Structure formats: C-alpha cells, structure tokens
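A quick write-up on the structure given underneath.
2 protein chains.
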Amino acid sequence: MKPLSPTDQLFLWLEKRQQPMHVGGLQLFSFPEDAPDDYVAQLADQLRQYTEVTSPFDRRLDTRLSQPVWVHDDHLDLEHHFRFEALPTPGRIRELLTFVSAEHSHLMDRERPLWEFHLIEGLGHRQFAVYIKIHHSLVDGISAMRMIQRMLSTDPSQRNMPPIWDLRGQVTRDNDGDGLSIWRSMVHLLGESGKQLGTVPTVARELLRTINEARKDPAYDSIFRAPRSILNQKITGSRRFAAQSYSMKRIKAVCKAFGATVNDVVTAMCATALRTYLMNQDALPEKPLIAMVPVSLRKDESSEGNQVGVILANLHTDEGDAGERLRKIHQGIQEAKDRYAKMSSDEIINYTALTLAPAAFNFLTGMAPGWQTFNVVISNVPGPKETSYWNGAKLEGMYPVSIAMDRLALNMTLTSYNDQIEFGLIGCRRTLPSLQRMLDYLEDGLAELEQAAAL
Amino acid sequence: MKPLSPTDQLFLWLEKRQQPMHVGGLQLFSFPEDAPDDYVAQLADQLRQYTEVTSPFDRRLDTRLSQPVWVHDDHLDLEHHFRFEALPTPGRIRELLTFVSAEHSHLMDRERPLWEFHLIEGLGHRQFAVYIKIHHSLVDGISAMRMIQRMLSTDPSQRNMPPIWDLRGQVTRDNDGDGLSIWRSMVHLLGESGKQLGTVPTVARELLRTINEARKDPAYDSIFRAPRSILNQKITGSRRFAAQSYSMKRIKAVCKAFGATVNDVVTAMCATALRTYLMNQDALPEKPLIAMVPVSLRKDESSEGNQVGVILANLHTDEGDAGERLRKIHQGIQEAKDRYAKMSSDEIINYTALTLAPAAFNFLTGMAPGWQTFNVVISNVPGPKETSYWNGAKLEGMYPVSIAMDRLALNMTLTSYNDQIEFGLIGCRRTLPSLQRMLDYLEDGLAELEQAAAL
C-alpha cells in the first residue's frame, strides 16, 4: 500500500468524462527481416506469456481512511490490459491514427491498474505498431518515455525482450522535473508537498490568493497577455491524434543558418502551423499566440536531475514573414532563459509556479476564463538517440500522445529519435476540426524557413 | 428541441463510469456470393456516403432551464459515429467477442449524439459483423431491434439499403412496454409520467415509502426471497460479452416433450448454466436463484401494444435433476401468468412497479443491499422470423448486448431469428470471471433436457 503523491492526486481530481488524464505513446516498427507473414500474431502469443506484472503496472487505486492509495491488484486480468488488435483495410498510417484517436478518447476503468498495451497488426509494408496508454497518476511523461526506451535495444539480434509490464526491477519512478512540471508546480505552490491535498475549493482559494498577490508584482505583468482563441474553449471527450516525423538534418540546417536552437526551430514550425490553421478557420487572433514551453535549465553536464523552467513563449503569429518570426521567437526564448540564468533553483520553482497559477486555477474551477496565460502547450521530450529495436523489429518512429484539457484544446508534444523529430498532436476533434492538416502546415513551416535561409 | 422523458432521464442518472447505460446489438453477416475479397472495405466507402443523419441519430443532449433536452446536432461528425474496424489474426468469433467486450465497456461522449455503428472486417469464412451501440436514453431495446430489422430485407437481391442512421421517416419511437419495462415502471411508481423527475433523494424517498407499504401487504411477501450471490456485487467498468446461436428445432422438441413454452425452456437452459457456473466457482447459494423475466401478457392477437408483466421466476438452481427443474420453472411461470390473467391493465402496471421498487431503490441509492428481489435478468426480445439480408449479405446471427448494473452483474438477453435462438450474455468481467464458459453450459443445459425427454 502506497499513498498517492499530491501531484498524482491532482490527475485524478482533474479527470472527467470529457477530459481523460492518461498519456500515451505510439511506436511504429518494421518486421525483422526473416519474419513470417503472421509475425505480429506470433508476437502477441509470446507477449501473453509475460504474466508477471511488475510495479507500477500491478497497482490499482483504493481508498484508505478516505485517502487514495495504490494497492497491489490481486486479480489482475492481463487480457484486459494487453490487447491484440488490427487496422481495417487499407491499413495506412491514416487508419492507425484513427485507431489511436478513438482509443485515446476512452476513459480507463479505475477499478483496475490504469494502463493498456495495444499491439496493432494490419499495417502495410511489413510494419506494425504499439500504442501504450498510461494514466498520468501512474507515471509522468518522462518516466513513460524512459520505460519505453528500456524496452528497446540498439542490438537488432537481441530476442526475448520483455514488454514494459514485465521489466522486473528495471523501472524506477523519476521524480525530477518533466515536460508537465505544471502539475508539480501547482502542488509546490500549495506548500503541501508530501502531504495529502485538501479539497478542490480549498486549493482553488489558495491559488486565487497567490494569483492576486502576483498581479501586484510587476515581474508577472506579462502572464495575462495571451489572446482569446478557438484553442481555448471547453472541450469534448473526442480526440484527434495526428503524428509525423520530420528530418533532424533539415531542422539543424535551419538552426545553423539562423543561429537558433532545435527548440527554437520546432517552436517556429508550430507557430507557422498554428497561424495557417487558424487563418484557414478565419480565427487567427490579432494579438500573437502564447505557448507554454518547458525548457531545460541545466547549467552543466551533470546528470543530476533535469531542471525544467516554463517559458511563456510569444509565437509571433501576427508576423507574416517566417524568417522574421523565427528570429523573434529565438530572441524571446533566449531572454527568458537569461532571466532564469540569474535565478536560484528555489526562485525558478517559485517563478514557474506563479506563472502557471492562473491556468491551474482555471483547470480546477473552470472559472476566470479571462485569465488566459497561454494558448497552447508545446513540449519536447527527449527520446532515444540511436536506431533501436524490440526483439529484432526496428523502431521506425515513436510519437507522444499527450492530454487535451478544457481551454487547452491542443497539445503539441514532440520527441527526438535517431535522425528524426517526431511530432504528436492531440486535440479535441470537435472544437478543432481537421486537426490533422497541421501536419502539412508543420512541413510548410519548415520549408518556409529553408526558403528564408536560402537552403 | 425536445425534453427528455422521465424514463430517459433515469438512464442518464444511473450512468456512471462503472455502469454505462448503452445497449447494443451484434449482427453477423456472410458476404454476398459474388462479392470481391475487399467487399467490407467497399461497403465502408458506400456507408460513408450516407451523410444525412435522421432522428433520433442526430440528437445530442443539451440543457435548457436546468432540464435535459434533445437538440439537433449542427456539427455532427459522421467519422466519430461510423467506424470501420478490423479483427486481429486469426479472426475467429472469439476475437469478435473480445472486440465487442472492449467496445461495450466504453462510456460514450455526452457532447455528441449517443450512438456508434461499427463495421467489422477480418472474420474468416467470408463473414463480417456490425456492432451497433446506442444509449438507452435514445432508444429502448425493442425499438433498437425494430430499427435493425428495418435496415434488413428478406430479398437477397435488394441493394442500396441505407444504414440505420439514414432510415428517413422509417423510424418511430415505440413507447409500449419492452423487456426493460423496469424503468418505465419506476417512473410510473413515482406518478410523474410526462413530467420532469425530481432529484435522486426525492425519488429514493418516494420509492422507500412505497416499499414499506408493500411489505405490509401479503401479496408482495415473495419479493424479498432471492439469496445473496456473486452475481449481486458491485461491478467494475469492464465487460465480457459472450454470444451463441442455439437451434430452435431442438428447443421446440423439448417444449413438446415437457408441455412447456419456448420461454420456459430457455429459462431452464439459463438456470442450468447459472447452476453449473456457480458450482464451478464454489458459489452456488443454497436457496434457489430468482430471475426477473419480462413476459408478454397479450390476451388476444391484436397488435395493439405489447403488454409486458414482470415475473420473478424461481430458477430452482437447488434442484439437481434437469427435467424436474424445467417442470418446476414451467409451473412457477404459469402460476405467475395465471395471477396476471385475473388482473386489469392498471393492476398489472401497479403490481410490476411494486415488484421492482426495491431493485429501483438500490439502483438509485446503492443502499439496502439486503433487499435482493432477484439475482439476474433473463430477457427475450422478438427478432426477425425469416432469413434476412442487408444489401445482399445474409444475416447469419444477431445477438443482443444489454446492460450490467451494480448488484446485477449479469444480463442474459436472447432473441429469435429464423430457426435459431440467439443468446447474448453481458457481465462484469471482474466480478464474473470466465463468463464465456456459460455458452457451453447453456448447450449442456439443452442437452440434459433432451436426455431427460429421451430425445
């Protein structure tokens, strides 16, 4: 028995029918060279043999003295968690994304351990896919990505590699910062770290007090400047997932030409895609969109932790010129980093928490919709640097599937793998129609930058 | 805009994560003789052309003056409702049932019209399936079955037959009794027919008053005699669906030998299956199980309405001899029918409502678990009498998928089609492990009766 941390309790609080709080990952694999045609069905049979379910995958929710706790599930039914499924004809990436969109829309059953592993056959070109879905109260985004990486190997000849639910002794929970540090910041703000959270009204009242103090402080005058947009409506329970890989080589060439970082360039690609998408919907706000972008603040090469600060990046979606837009984004992010460079660790945590307080208040209460501190989340999660394999099957791509929320109808999460940048966009498909077109707009955004750099 | 009837409001009230309130139907079809191998994919393309969505499939929930109403959905997204999907290798009925089990576990999004139509390819033997899921607040079981029948034809050469969401002008809501008349009875009991229901506490208080009056009346002394059993626990959100066809010819031969009705024999088959299942779990109560069995009470052949009474049928699961068990079940059901024969329509409605009041009270409040008036629902819904086709594809079988509830973890619904009786069992897969074995036990139950009749 293990009490839930305050951060993990938050994910349960925030969850509702229209707002499931699970994260996911989609991995695309090629068959090993010598594999038979029914390779995926054979793999499914092998995976069903891994009946030992290790922590945290054996945990289910329970209540002790009215507090939520994790307990070992004595009646775990692997058939519920491991699912072998197929895509319909013609089995293109389009059908795969439709499948993930539907699955990611479904709430999980709180009576059971909150994860699912979907093995998916029926893709063309001797490929198959794995879609993993885990409740955010069970793992954070970075830990999930590390688990998936531990499942993989750089050695194509390695076999008998277990699935993530049977990685005996190999999985530890990472409690350092991650791309969704907004949650930990909220808890920090409440000064309750390590204890149980109170009730929603208590927490909301506390946040409100903090916000009102922050508003008097000129250091925070910038946090209420995001415009209203269609990205910031109430959402429904239906999701659209869109994912694609983009060449790291192309992105790095743009970086070099503009003296920008990879993070600057992918943020600029997102800015262009959002600008085009909103213009086509006749819904581009006059004022520029603001993105919440978690950035790494490590000052040295020590592997101790992964200090993360949150930048409210101006996306300059009012700027018509792509090159100019990148320059301005780069400058804004650089200034924010310079500001962080002068702060101590504690100051950074406080600053981040205060920056996010208005959003946190809105998540919890749905009140004060006028306080739009940012319009969209653009998050970059580190992925494997080398070509990876799972039981001889080559990993062709891996795409994060994150969380859409009320008033944050779109989440753009990306990861790096080998020589690719992998984008995963998740959004409410009702408030954001034809979200999948953003994939083309991201490509257009990159092409425009290449043109601007005369590459 | 159309206010929800009190009955339909009940289904929304009763719905929770662990207890979705949608009903479904699974239809199994053969390819038309001349169909190409990609027949199902072509069919999917044709179905996507039916973009006109007719009532009630165009309705979504809204609230006006704090009352729930149906409104026309101006932004209906057919891709969300019509889904083309596939079964994994080896594509047996087993994979189909696993698929339906998972889909039937998922809550629907209340922001959208509450229905889904799944076209499923990947079955062997040139077969495919359709799984339709509709919220019970949108249609009742009988109406759903009639809609599906209107989609079909007895003419194998007929083509261009629309799917159920585009049956222009052909669908009317049936408001006469159905297999789940428990709901209408509850509303009747509250004397609020045609008006808005109050709040759950008000309704529960009213039910409690009624129950306490009924307990003083010797006519109702039988309604608290059901034993406690594992069928009557709190449920989780995960479902197991099991379905199979049994030969009507065999069942009718048993009827003739025992002088029993088809309904008696299928009830006896269920009794045997339950007895075997519970014995294997070491969980057969000493006292016999009681089933809630809706029966038709039509006295003449007039097609006016479909008067339904509810019988609390003693399943005599304490009786070891199969033939004797059928005789006792037949006698019990006959006595109940005779009792109804002496009653007026109003008396029948009152009697039914009072019989169901304790269960209704428990559904609403989760209190008074000691009042177990019945252990299981066994419901028989009329189906098509002749071989039916949909765009030339022969209907091989159709199986109802009903609702499991807290303290009623299993629902056994059956329907007749052509020369078959089609059983659909839906249950909580956590509280009732290996529920699919009941299909074999139903077959055993029929074989035992044949043996007892020396057939």
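Chains A and B are the protein sequences, given in the same order.
The first sequence lines up with residues 167 to 621 when you count with my numbering.
The second sequence lines up with residues 167 to 621 when you count with my numbering.
C-beta atoms are modelled at their ideal positions from N, C-alpha and C, and glycine is treated no differently.
Note that the structure is predicted; figures quoted are calculated from it, not measured.
How should residue 621(A) be labelled, buried or exposed, when 16 other C-beta atoms within 10 angstroms of its C-beta is the threshold for buried?
Here residue 621(A) is taken as the residue at index 455 of the first sequence, counted from 1. It counts as exposed.
Residue 241(B) versus chain A: which residues are under 9 Å apart at the beta carbon?
Reading the second sequence from its first residue, position 75 is the one you call residue 241(B). Neighbours of residue 241(B) on chain A, chain order: 596, 599.
Nearest neighbour of residue 327(B), chosen from 294(B), 396(B), 391(B), 213(B) [CA to CA]:
As a working note, residue 327(B) is residue 161 in the second sequence. Here the closest residue by C-alpha is 213(B).
Closer than 7 Å between beta carbons: that is the criterion. Which residues of the segment 535-554 of chain B meet it against chain A?
none
State the Cα-Cα distance for the pair residue 613(A) and residue 265(A), rounded to the nearest angstrom.
Taking the first sequence and counting its residues from 1, one reaches residue 613(A) at position 447. Taking the first sequence and counting its residues from 1, one reaches residue 265(A) at position 99. Near 29 Å, if we compare the C-alpha coordinates of residue 265(A) and residue 613(A).
Below 7 Å between beta carbons: does that hold for residue 586(A) and residue 411(A)?
Within the first sequence, the letter at position 420 stands for residue 586(A). Within the first sequence, the letter at position 245 stands for residue 411(A). Cβ distance < 7 Å, so residue 586(A) and residue 411(A) count as in contact.
Cβ neighbours of residue 532(A) in the same chain (closer than 7 Å, five flanking residues each side left out):
What you label residue 532(A) is simply residue 366 of the first sequence in a count that begins at 1. These residues qualify, in order along the chain: 572.
Could you tell me the distance, in whole angstroms, from the CA atom of residue 147(A) to the CA atom of residue 500(A)?
Since the first residue of chain A shown is 167 and the last is 621, residue 147(A) is not available in this structure.
Where residue 404(B) meets chain A, residues with beta-carbon distance less than 9 Å
Taking the first residue of the second sequence as position 1, residue 404(B) is located at position 238. In chain order: 243, 246, 275, 277, 278.
Closest by CA to residue 191(B), which one among 274(B), 565(B), 605(B), 550(B)?
The residue labelled residue 191(B) in the question sits at position 25 within the second sequence. Minimum Cα distance to residue 191(B) is reached at 565(B).
Evaluate the contact criterion for the segment 433-447 of chain B versus the segment 224-240 of chain B: three or more CB pairs, one atom per stretch, below 8 Å.
no
Helix, strand or coil for residue 506(B), going by three-state DSSP, please let me know.
Looking up residue 506(B) in the second sequence gives position 340. The answer is helix: DSSP assigns residue 506(B) an H, G or I state.
Since residue 537(A) is in the alpha helix (DSSP H), which residue starts that stretch and which ends it?
Indexing the first sequence from 1 puts residue 537(A) at position 371. Unbroken run through residue 537(A): none, as it is neither H nor E.
State yes or no: is the beta carbon of residue 227(B) nearer than 7 Å to at least one beta carbon in chain A?
As a first step, residue 227(B) must be located in the second sequence, where it is residue number 61. No, no contact with chain A.
Limits of the unbroken beta strand (DSSP E) element including residue 234(A):
Mapped onto the first sequence, residue 234(A) falls at position 68. Unbroken beta strand (DSSP E) run through residue 234(A): 233-238.
So, does the CB of residue 201(A) fall closer than 7 Å to a CB anywhere in chain B?
Taking the first sequence and counting its residues from 1, the one referred to as residue 201(A) is at position 35. No, residue 201(A) lies away from the interface with chain B (no Cβ there is under 7 Å from its Cβ).
Below 8 Å on the Cβ atoms is my contact criterion, and I expect residue 318(B) with residue 556(B) to pass it. Report the Cβ-Cβ distance as a whole number of Å.
Taking the second sequence and counting its residues from 1, one reaches residue 318(B) at position 152. Taking the second sequence and counting its residues from 1, one reaches residue 556(B) at position 390. About 5 Å separates the two Cβ atoms, so the contact holds.
Helix, strand or coil: which one does DSSP assign to residue 277(B)?
Counting from 1 along the second sequence, the entry for residue 277(B) is found at position 111. Note: residue 277(B) maps to coil in three-state DSSP.
List in chain order: all unbroken alpha helix (DSSP H) runs of 4+ residues lying wholly within the segment 408-485 of chain B.
414-424, 428-446
Would you say residue 340(A) lies against chain B (beta-carbon separation less than 7 Å)?
In the first sequence, residue 340(A) corresponds to position 174, counting from 1. In this predicted model, residue 340(A) has a pLDDT of only 46, less than 50, meaning its place in the structure is not dependable; the value taken from the coordinates is given anyway. Output row for residue 340(A): interface = no.
Could you give the C-beta distance for residue 456(A) and residue 597(A), rounded to a whole number, given that I count them as a contact under 8 Å?
The residue labelled residue 456(A) in the question sits at position 290 within the first sequence. The residue labelled residue 597(A) in the question sits at position 431 within the first sequence. 18 Å between Cβ atoms; not a contact.
Determine the direct distance from the alpha carbon of residue 570(B) to that of residue 359(B), and round the result to whole angstroms.
Taking the second sequence and counting its residues from 1, the one referred to as residue 359(B) is at position 193. Taking the second sequence and counting its residues from 1, the one referred to as residue 570(B) is at position 404. Caution is warranted here: a pLDDT of 46 is assigned to residue 359(B), below 50, making its placement in the model unreliable, and the coordinate value is therefore given only provisionally. Cα to Cα, residue 359(B) sits roughly 25 Å from residue 570(B).
Short CB-CB distance (under 7 Å) between residue 288(B) and chain A
For the purposes of this step, residue 288(B) is taken as residue 122 along the second sequence, with counting starting at 1. Closer than 7 Å to some Cβ of chain A, the Cβ of residue 288(B) qualifies, so yes.
Quick one, which of 450(A), 289(A), 279(A) has its alpha-carbon nearest residue 259(A)'s?
Taking the first sequence and counting its residues from 1, the one referred to as residue 259(A) is at position 93. The option with the nearest alpha carbon to residue 259(A) is 289(A).
Cα-Cα separation between residue 525(B) and residue 417(B), rounded to whole angstroms:
Here residue 525(B) corresponds to residue number 359 of the second sequence, with the count starting at 1. Here residue 417(B) corresponds to residue number 251 of the second sequence, with the count starting at 1. Answer to the nearest angstrom: the Cα atoms are 31 Å apart.
To which residues of the same chain is residue 185(B) closer than 7 Å at the C-beta, ignoring the five residues directly before and after it?
The residue you call residue 185(B) lines up with position 19 of the second sequence. Excluding residues within five positions, the ones whose Cβ falls inside 7 Å are 401, 571, 572.
Reducing DSSP to helix, strand and coil, say where residue 170(B) ends up.
The sequence position of residue 170(B) within the second sequence is 4, counting from 1. In the structure shown, residue 170(B) sits in coil (DSSP, three-state: anything other than H, G, I, E or B).
Along the chain, where does the alpha helix (DSSP H) that runs through residue 260(A) open and close?
Position 94 of the first sequence, counted from the first residue, corresponds to residue 260(A). Where residue 260(A) is concerned, the enclosing alpha helix (DSSP H) stretches over 259-271.
Chain B residues whose Cβ lies nearer than 9 Å to that of residue 253(A):
Indexing the first sequence from 1 puts residue 253(A) at position 87. Correct list: 251, 252.
Could you please give me the residues that DSSP links to residue 576(B) through a beta bridge?
Mapped onto the second sequence, residue 576(B) falls at position 410. Answer by DSSP bridge pairing, in chain order: 593(B).
Near residue 110(A), what residues of its chain come up, given a Cβ to Cβ distance below 6 Å and the 5 sequence neighbours on each side ignored?
Since the first residue of chain A shown is 167 and the last is 621, residue 110(A) is not available in this structure.
Return yes when the Cβ of residue 562(B) is within less than 7 Å of the Cβ of residue 267(B), no when it is not.
Mapped onto the second sequence, residue 267(B) falls at position 101. Mapped onto the second sequence, residue 562(B) falls at position 396. No; because the gap between Cβ atoms is not below 7 Å, this pair is not in contact.
Starting from the C-beta of residue 431(B), find all residues in its chain whose C-beta is less than 6 Å away, skip the five residues before and the five after it, and write them out in chain order.
Stepping through the second sequence from its first residue, residue 431(B) is reached at position 265. Within the same chain, residue 431(B) has close Cβ partners 417, 420, 421.
Listed by chain order, chain A residues near residue 256(B) by CB distance under 9 Å:
Start at 1 with the first residue of the second sequence, and residue 256(B) comes out as number 90. Per Cβ cutoff of 9 Å: 204, 207.
Per DSSP, residue 228(B) forms a beta bridge with which residues?
By one-based count along the second sequence, residue 228(B) stands at place 62. Note: residue 228(B) sits in a beta bridge opposite 235(B).
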